[in-house]
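What follows is one structure encoded as structure tokens, with my remarks underneath.
Residue numbers (the numbering used here): 518 to 638.
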């Protein structure tokens, strides 16, 4: 099945415009296909990393969260962050799910770089 599609007649994992724009970016021929196994969307829907958040500690936790999510729910990410123990950090950025990889890449990668320099030394 397709990963993204705006056509309601085409089975697809995601239909948000943000996902369509991100996954449909030009790539090198053969580098990416708009296909996923039928089982993958179910696995993605069942994925709940927030339930394990208290077991992450004392490992340093960085969560870069975009405030305009359509693909995932920002409230769930913020609730998981609140349950996490220190050390933790939560940079909030404008935009949707794909903003850390596109329009907010400098802010997201800068936060990650600073976090890794602090905790991977």
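Built from N, CA and C at the ideal position, the CB exists for glycine as well.
- DSSP links residue 601 through a beta bridge to no other residue.
- Spatial neighbours of residue 527 in its own chain (CB-CB distance under 6 Å, excluding positions within 5 residues in sequence) are listed in chain order as 519.
- Counting along the chain, residue 626 sits inside no beta strand (DSSP E); it lies in the alpha helix (DSSP H) bounded by residues 622 to 636.
- For residue 561, the enclosing alpha helix (DSSP H) stretches over residues 556 to 563.
- DSSP places residue 553 outside any alpha helix (DSSP H), giving it a letter other than H or E.
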